[in-house]
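Here's the structure, in structure tokens; my notes come after.
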Amino acid sequence: MTHHFFARMQSTRAFTVMVFSSIAFLAAILVSARALPFPTELSTRMAFGAMVVLFGWISLNDFRTRRVPNSVTYPLMLVGLGRAVSWLDATFLFYWVVLFTVWQLRFMGGGDAKLLMGLFGLFPDFELAWFVALSILVTGLPYLAYKYRYQWRAVPRRLFWRVITCQFLPSSAEFEKESVPYAFSFCLAGAAYMVMQVVQ
497 MTHHFFARMQ STRAFTVMVF SSIAFLAAIL VSARALPFPT ELSTRMAFGA
547 MVVLFGWISL NDFRTRRVPN SVTYPLMLVG LGRAVSWLDA TFLFYWVVLF
597 TVWQLRFMGG GDAKLLMGLF GLFPDFELAW FVALSILVTG LPYLAYKYRY
647 QWRAVPRRLF WRVITCQFLP SSAEFEKESV PYAFSFCLAG AAYMVMQVVQ
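The sequence shown begins at 497 in the working numbering and counts up by one.
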């Protein structure tokens, strides 16, 4: 009975990931269409609606599992790469290098980094970077304050110890233990950026 239940749960989760992977791919294509010189009102609304649905699912899934599936981020990155090739625009590479470096230094998880790579592949715009930074401040800092509400007195001691030992980067164990679900912040920034583009 229990085995059957877990097998069914895994099957449902696989189907859900497949559905939203398809939404990611279609949404990315529609967003690319939105970036064309003469986007239609229908394509703009469809792109906005599809991306909002996708952002909502990514955020909920990240809160529940602490993971952003590759099957969702890779389609965004792939279509962003196609957009760059068609427009002969290599601006996205700057953002990708920065995000990859931050990921390797363990300041951000791989799923979060690839999600941002997908967004900056579609929108290689410095304005999006401002939205991301603002969203992290608005949502990330309150989350950290809540998470460490009973441990704030130990923070100065930990910082002092890191300075003394020159251990400025988190270890793998610390990263896994202290990981923060940033996907919601990034999705909020992406949605806000898209709203501004539609309104303008």
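Built from N, CA and C at the ideal position, the CB exists for glycine as well.
Could you pull the start and end residues of the alpha helix (DSSP H) that residue 568 belongs to?
Note, residue 568: alpha helix (DSSP H), 566 to 583.
Apply the 10 Å Cβ neighbour rule to residue 685 and answer buried if 16 or more other Cβ atoms are within range, or exposed otherwise.
With 16 or more other Cβ atoms within 10 Å, it is buried.
Counting along the chain, where does the alpha helix (DSSP H) carrying residue 692 start and finish?
Where residue 692 is concerned, the enclosing alpha helix (DSSP H) stretches over 679 to 695.
With DSSP run on the structure shown, which of helix, strand or coil describes residue 586?
Note: residue 586 maps to coil in three-state DSSP.
Going by the CB atoms, is the gap between residue 596 and residue 617 shorter than 8 Å?
Taking 8 Å as the Cβ cut-off, residue 617 and residue 596 do not qualify as a contacting pair.
DSSP on residue 560, reduced to helix/strand/coil?
In the structure shown, residue 560 sits in a helix (DSSP, three-state: H, G or I).
Tell whether a beta-carbon distance below 8 Å holds between residue 585 and residue 677.
Their beta carbons are not under 8 Å apart, which means residue 585 does not touch residue 677 by this criterion.
What did DSSP end up calling residue 646 once you bin it into helix, strand or coil?
Residue 646: coil per DSSP, three-state reduction.
What does a CB cutoff of less than 6 Å around residue 555 pick up in its chain, not counting 5 residues either side in sequence?
For residue 555, where only same-chain residues beyond five positions count, the Cβ hits under 6 Å are 679, 680, 683.
Could you compute how far the alpha carbon of residue 551 sits from the alpha carbon of residue 614?
Cα to Cα, residue 551 sits roughly 12 Å from residue 614.
Do residue 569 and residue 607 come within 8 Å of each other at the CB atom, strictly closer than that value?
In this structure, residue 569 lies closer than 8 Å to residue 607 by Cβ.
With 16 as the cutoff for other CB atoms within 10 Å, does residue 605 come out buried or exposed?
By the 10 Å Cβ count, residue 605 comes out buried.
Roughly how many whole angstroms lie between the Cα atoms of residue 633 and residue 560?
The alpha-carbon atoms of residue 633 and residue 560 are separated by roughly 22 Å.
Using the C-alpha atoms, what's the distance from residue 594 back to residue 534?
In this prediction, residue 534 has a pLDDT of 43, which is less than 50 and means its spatial position is unreliable; nothing more can be read from the coordinates.
Among the candidates 687, 547, 549, whose CA atom is the shortest distance from the CA of residue 628?
Of the listed residues, the one whose Cα sits closest to residue 628 is 687.
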